[in-house]
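So the protein lines, in turn, are chains A and B. Using my numbering, read the first sequence as starting at 91 and increasing by one per residue. Using my numbering, read the second sequence as starting at 91 and increasing by one per residue. C-beta atoms are modelled at their ideal positions from N, C-alpha and C, and glycine is treated no differently. So the structure is just underneath, and the comments pick up after that.
There are 2 protein chains.
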Amino acid sequence: MEHGVQMPSVESEMIIRVPRDALHSFAVNAFCYYGVPDDDARIAADVLLESDLRGIESHGVPRLEQFYLARLRDGRINPTPQIKVLHESPSTALVDADGGLGMVTGFRSMKIAIEKAKVSGTGFVSVTNARHFGIAGYYSSMALEEDMIGIAMCNTSAIMVPTFGRDAKVGTNAFSVAAPSADGRHFILDMATSTVSAGKFEVAARKGQPVPIGWAGDADGVPTTDPSAARDARHYSPLGGAPEMSSHKGYGLGVVVDILCGILSGVGPSAALVSGSGVGHFFGAIRVDGFRDPAEFRAMMTEMMNDLRSTRPADGYERVYVAGDREHQAKEERLRLGIPLYPDVVESIRRVSLELGIESPV
Amino acid sequence: MEHGVQMPSVESEMIIRVPRDALHSFAVNAFCYYGVPDDDARIAADVLLESDLRGIESHGVPRLEQFYLARLRDGRINPTPQIKVLHESPSTALVDADGGLGMVTGFRSMKIAIEKAKVSGTGFVSVTNARHFGIAGYYSSMALEEDMIGIAMCNTSAIMVPTFGRDAKVGTNAFSVAAPSADGRHFILDMATSTVSAGKFEVAARKGQPVPIGWAGDADGVPTTDPSAARDARHYSPLGGAPEMSSHKGYGLGVVVDILCGILSGVGPSAALVSGSGVGHFFGAIRVDGFRDPAEFRAMMTEMMNDLRSTRPADGYERVYVAGDREHQAKEERLRLGIPLYPDVVESIRRVSLELGIESPV
């Protein structure tokens, strides 16, 4: 979910590219094996594959075996949730996700927000008893084809240290905002409220490279450049990185996500989340025509985004991006050439295929 | 609006403290002198003084003469705006602020959001043809006594440089979220989406101290430690400060504010704002009881906030704060002891008093 700095290209270690649809079928079959109904399995696979297409590998198929399937197997994820609206108003709802796959209950909860927006102008849904839903940007993007602005958030267990603090108390609590443009290259901000996400420490540790001060603290909360110490301590820094760089803002944003996902839903904020009780989600949909003509809105969006893209680059950089540009680029390329897979992901797919007796796409 | 790092105390240069009510009367009289109706003048003075009480001097009475009164005098602010709802749905409205004082039209627009939330569960208002409204946190806080979560945003002219860029294209676009607690020490996040705001460069320049790399660029967009160069170039860095510290997130957040304030309202994003056409505002109100019992929500808020406050501090720090704590502390102290004023602010007050023939509080 971190895509501001170009990561070392996946190409360098890639052995194969696999077509999106082949991986999608594989994921559907794997979910179905564990009792997920066919329609739900397709939704969950859609979310996973969209993540891979957008180049956010940390949330896609590479996570299928160890995260989603493992939890379906041990009962921490409910394959057949009874999603219930517990309370509602014309533009709001509290939803119980019944421990279902986060991608399925996330999709259905965002649909509720969109339906409410159709009637009332806006719709907001807070979800309790939820499970991790993959990329927040999938759900915010669902609003785009409806001429709506979409919002999606998720809280996580506490792995981020408040400004001036020593211990983790807030999650890396993700949030996303999407808004439609005229040319299909929509604005999609999809970010954790920490400076960087866990995956970057893995990459640095594997390469034996130090990480910048401001990414994380060690076990005592002291800023560290040692990626292994940072990864093991799980003391990530809020966006900003350090007090003098206004990390209180990243910390405050993380708490906002906790309020909307954890407290509004009742499941609890990051520090109160206990294994098995799940997490909270928050979804929002805002009809553009509740304010102005959507075509005019889209045209002005594209004008702004093109102006931002045309910003003269600073020395050492090639161009300026708008949130969503890189994901859009990756998606075009990967739909054409297939999704590149690391060797360990290929192995994981083959293992799942053998164990479950389903066809392997690799 | 930047309060994560303790600024050099105002005490060091303070000559006097003035009671809040005396400054309020002075501000009311000054606004009335320029044709602002009495009720509106009281609202505008309330917002200004709330800023001073919260310790955000950059947005309070120190700004009265050079900013608000100057613009009332030269016609850039309309003292008697006809605020109009141009378009609406049950939970949304587009408002034309008619160039009125931002504090007055902000207050009335947030009231519209709250009234819509009472009926529909949530209310969102985007405002065109607006003027600077002081602290965003005033408007988000208006939701608190209604058992609502409040949101307020404002875009500004382009003074922030997109990640990888050389030129300013986005404003320091502020936004605020407020949520009610059980004990009156509410959560109030009130932040610019830049790393720091303009005031910090002034302070550093006055003291001849370098600023950290990551606060701003020089005229060529190159990161600088020279506070004067930074102040003059107005090339502020997005929250994050540098690409490797995820400044694309602060940049993305700034654009979100532009979308909701500038594009949804039609006034335009930061880079398109021209002097005299004003800025855009965005207000939101979300009823807590659209999701769950407000008393339970408030209790869980206080529990979370106390847990965050109890985080063990890192070496060199005394304690951990939650967004709003410092402002709450400052307000209690300043209501008791009066508002501390710098010598140049006292001079400004005396000058205005003489010019307009209104009583001076100092």
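- Classified as buried, B:Ser337 has 16 or more neighbouring CB atoms from the shown chains inside 10 Å of its CB.
- Within chain B, the residues Phe254 have their CB atoms less than 7 Å from the CB of A:Tyr407, given in chain order.
- Scanning the stretch 236 to 320 of chain B for uninterrupted alpha helix (DSSP H) segments of 4 residues or longer gives 288 to 297, listed from N- to C-terminal end.
- Below the 8 Å Cβ cutoff, chain A contributes Gly211, Thr212, Ile376, Arg377, Gly380 and Phe381 as neighbours of B:Thr182, in chain order.
- Counting C-beta pairs closer than 8 Å gives fewer than three between the stretch 124 to 138 of chain A and the stretch 401 to 417 of chain A, which falls short of the contact rule.
- Residues are counted here when their Cβ sits less than 8 Å from a Cβ of chain B; for the stretch 410 to 444 of chain A these are Val410, Tyr411, Val412 and Ala413, given in chain order.
- Contact check between the stretch 189 to 206 of chain B and the stretch 346 to 359 of chain A: fewer than three CB pairs, one atom from each, fall below 8 Å, which does not count as touching.
- DSSP places B:Val435 outside any beta strand (DSSP E); the residue lies instead in the alpha helix (DSSP H), whose first and last residues are Pro433 to Leu446.
- The shortest CA-to-CA distance from A:Phe223 to any of A:Arg424, A:Glu408 and A:Ala135 is the one to A:Ala135.
- Among the residues of the stretch 272 to 304 of chain A, those with a Cβ less than 7 Å away from any Cβ of chain B are Phe277, Leu279, Met281, Thr285, Val286, Pro302 and Gly304, in the order of the chain.
- Sequence-distant partners of A:His418 (beyond 5 residues in either direction) whose C-beta falls short of 6 Å from its own C-beta, in its chain, are Arg275.
- The Cβ atoms of A:Thr262 and A:Tyr326 sit closer than 7 Å to each other.
- The alpha-carbon of A:Pro180 is positioned some 42 Å away from that of B:Leu154.
- Annotation: A:Ala268 to B:Gly447 spans about 52 Å, alpha carbon to alpha carbon.
- Following the DSSP letters along the chain, one finds A:Asn168 in no beta strand (DSSP E), marked with neither H nor E.
- Taking CB atoms only, B:Pro359 has a neighbour in chain A less than 7 Å away.
- The three-state secondary structure of A:Ala187, taken from DSSP, is coil.
- Listed as beta-bridge partners of A:Pro403 by DSSP are B:Gly255.
- At a cut-off of 7 Å between C-beta atoms, B:Ile448 does not count as an interface residue with respect to chain A.
- Residue nearest to B:Ile376 within the set A:Ser400, A:Leu350, A:Thr401 and A:Leu398 is A:Leu350 (criterion: CA-CA distance).
- Residue B:Pro152 holds the alpha-carbon nearest to the alpha-carbon of B:Asp434 among B:Ala248, B:Leu143, B:Leu139 and B:Pro152.
- Annotation: Cβ neighbours of A:Asp397 in chain B (cutoff 9 Å, chain order): Lys259, Pro359, Ala361 and Ala362.
- Apart from sequence neighbours up to five positions away, the residues of its chain that approach A:Asp273 with a beta-carbon distance below 7 Å are Thr392, ordered along the chain.
- Close CB contacts of B:His177 within its chain, under the 8 Å cut and outside five residues either way in sequence, are with Ala183 and Leu184 (chain order).
- Flagged as an interface residue toward chain B: A:Ile353, by a C-beta distance shorter than 7 Å.
- With respect to the 7 Å criterion, A:Ala264 and A:Ala248 are not classified as neighbours on the basis of their beta carbons.
- In this structure, A:Val346 sits away from A:Ala220, with a CB-CB distance that is not shorter than 7 Å.
- Within the same chain, Cβ atoms closer than 7 Å to the Cβ of B:His149 are found at Met91, Ser141, Gly224 and Ile225, the five residues on either side in sequence being excluded.
- Under the three-state reduction of DSSP, A:Phe381 is assigned to coil, being neither helix nor strand.
- For B:Phe214, the enclosing beta strand (DSSP E) starts and ends at Thr212 to Ala220.
- With respect to A:Ile204, A:Val215 sits apart: the two C-beta atoms are not nearer than 7 Å.
- No Cβ-Cβ contact shorter than 7 Å links B:Thr285 with A:Gly255.
- Short of 8 Å from the beta carbon of A:Ser210, and not among the five residues preceding or following it, lie these beta carbons of its own chain, in chain order: Pro180 and Ser181.
- Along the stretch 333 to 350 of chain B, the positions whose C-beta sits under 9 Å from a C-beta of chain A are Pro333, Glu334, Met335, Ser336, Ser337, His338, Lys339, Gly340, Tyr341, Gly342, Leu343, Val345, Val346, Asp348, Ile349 and Leu350, read in chain order.
- If you draw a 10 Å sphere on the C-beta of B:Pro300, you find fewer than 16 other C-beta atoms in it, and that means exposed.
- Bounds of the beta strand (DSSP E) holding B:Leu176 are Lys174 to Ser179.
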